[in-house]
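J.:
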Amino acid sequence: MKWMLPLTVLCFPLAAFAAPWGVVGDYDLPRAPEGMSRIAGLGQPVSPTPGERYLLKPVLEGKSIKIFLDPGEESEETLAQYREKIKEAYNNWFLNAAKEIRKSGRTQEFADILPVLDKGIPVEFVPSGEDIIVEFVDRREVARLCGAQAAACYIFEGPKIYVPKNPRGTRSFLNPFGISSGKNLFRSLLHEIGHSLGFSDQYAQARLNTHPIYHGDNATYTIMNRTADLTCDDADGMINLIDLTRRNPRGGRVGWRSLCRRSKTYYIGGMALGNGPYMMWPGANGNVWYLREYRADRMQERELTMAWGKGISLFEPFAEHIVERDSIGRPVLAQGPHGEKVYYSYLYGRMMRFVTAGDKILLFENRERNLPNEKSFEKIILAFTHNGKSAMLEADRRSSYGSLSYKEDGNALTVNLTFKKGKVEHRSGNGGKAAVPCGMALSMAAAPGAASMQAQVKNQVVQKEREELERKLTEWYLGL
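Here is the structure:
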């Protein structure tokens, strides 16, 4: 169960389904040492100075963002207009949040940060010693620099932003004709600048970049997904990001309500209620997991190292009592019949469940469903114990077909089933080290010697156990 997140480049898609704000996965973690994978930082302690590798932190310290604008072959007149657009894009992140606060009529509630937001984000263009490099390139170059599907990108190493100067389907913003001139270009610029401040992509293909704690769960629109401009959701994100960076959770244990009209989302310590006050992630080899618990104000309470244990089977009854639910009724904490603690967490269509006892994980469950506007699917991964052996089950269910893969003790026993319209269409697997088909075992009945008879009986028992296992697996799958 390794979990590796490729976080090298964050790109802006041409179109995607919207989801709420979130910060990048390592926002509150120390900068990874040179040559060390950034994802390895997940095992590091929470940084006392969140966001140290992003540009919001120096802004809140009263510093300007120093930018080197790669001149390329552009004229000074063109570069001057580029500089204005970069300044406008950075400023808009703060000014949009201030505008949404005033529109909500809640200026008193946010009086502590309104003066900061009203100042905007100061930008300074320098020939060297920059915080970030920005380069406007030909649209055809973007695919080479950022990837075939990218419209623009933010690259951590540098850091550096590549934006097309001639985006497809619209005029450059340097073209003075037409009210929509440069919309795609400015949209890309706002999005990539959001990355430089600490925001993560919010479209389906990139959700693994999102911090497991600092995110929402209800569908809405944001510039970090597909909108053409900043939204109330982006204002929520900016307020939360400022609070996280300052280590000053707004509203204490009560939190604060989203600025978005008719939204029922409340944030505590930058985290949307409903995600559960827990964070779990795997170590490098997946054999050890880490559990970090948070208090009601989302400050860290304790951190445990969790190893795998045995004792719970998927096929046996397990009656748990729900101790805590989120704001929309989903369980976030439960207790098992023998005092086991059951943790739940949710992130954009994904549900994770851990059944634990002390510092042992007895059962792990990961379910991922489709979100609106995405193809219908359900993927499930389960790790548990069966007949005293470690078992792993993976299932993939579509509208009319699906598959299931089961393994015990590595590959000592494997079962693979494919389903079509509610019936088993194909089965395969190694059947266990001692297993032979039942018909073959029966044909050996006349073989001389007690050893042969023992082998027949053993093979028949193993085959029956396999058939019973297949029945249980089929029953479980069809009962999803």
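Here the sequence shown stands for residues 1048 to 1527, where the numbers follow my numbering.
Beta carbons are placed, not taken as given, at the ideal position from N, Cα and C, and that holds for glycine.
Of all the options Gly1299, Gly1298, Arg1304, which has the alpha carbon lying nearest to the alpha carbon of Asp1283?
T.: Arg1304
J.: Could you say if the stretch 1110-1121 and the stretch 1168-1176 meet the contact criterion of at least three C-beta pairs nearer than 8 Å?
T.: yes
J.: For a quick check, are the C-beta atoms of Val1070 and Ser1247 less than 8 Å apart?
T.: yes
J.: What beta strand (DSSP E) runs, 3 residues minimum, are completely inside the stretch 1373-1445?
T.: 1378-1382, 1388-1394, 1397-1404, 1407-1416, 1425-1433, 1436-1444
J.: In angstroms, rounded to a whole number, what distance separates the CA positions of Gly1476 and Leu1460?
T.: 7 Å
J.: Where does the unbroken alpha helix (DSSP H) through Glu1171 begin, and where does it stop?
T.: Looking at the DSSP string, Glu1171 is not in any alpha helix (DSSP H); the run it does join, the beta strand (DSSP E), is 1170-1172.
J.: At the level of alpha carbons, what is the spacing between Gly1526 and Gly1449?
T.: 13 Å
J.: Thinking C-beta only, is Ile1240 closer than 8 Å to Lys1207?
T.: no
J.: Rounded to the nearest angstrom, how far is the Cβ of Glu1407 from that of Gly1356, given a contact under 8 Å?
T.: Note on residue identity: the sequence assigns Lys, not Glu, to residue 1407. Contact flag correct, Cβ pair sits at about 3 Å.
J.: Do Tyr1101 and Leu1244 count as a contact pair if the criterion is CB distance below 8 Å?
T.: In this structure, Tyr1101 lies closer than 8 Å to Leu1244 by Cβ.
J.: Do the stretch 1383-1400 and the stretch 1365-1374 meet, that is, are 3 or more Cβ pairs less than 8 Å apart?
T.: yes
J.: Quick one, which of Val1335, Arg1309, Leu1306, Pro1296 has its alpha-carbon nearest Gly1316's?
T.: Pro1296
J.: Just to confirm, are Ala1199 and Tyr1209 a CB contact at a threshold of 8 Å?
T.: yes
J.: What are the boundary residues of the alpha helix (DSSP H) that includes Glu1108?
T.: It is not in any alpha helix (DSSP H) - Glu1108 carries neither H nor E in the DSSP assignment.
J.: Can you tell me where the beta strand (DSSP E) holding Val1184 begins and where it ends?
T.: 1179-1184
J.: Have a look at the DSSP bridge pairing and note the partners of Ala1319.
T.: Tyr1314
J.: Do Val1189 and Ala1197 have their C-beta atoms within less than 8 Å of each other?
T.: Result yes, Cβ atoms of Val1189 and Ala1197 sit closer than 8 Å.
J.: So Arg1191 and Pro1211 are in contact, right, with Cβ under 8 Å, and what is the actual spacing, rounded?
T.: Their Cβ separation, rounded to whole angstroms, is 12 Å, which puts Arg1191 and Pro1211 out of contact at 8 Å.
J.: Might you give, ordered along the chain, the residues of its own chain that have their beta carbon closer than 6 Å to the beta carbon of Glu1412, omitting 5 neighbours on each side?
T.: The residues are Arg1400, Leu1429.
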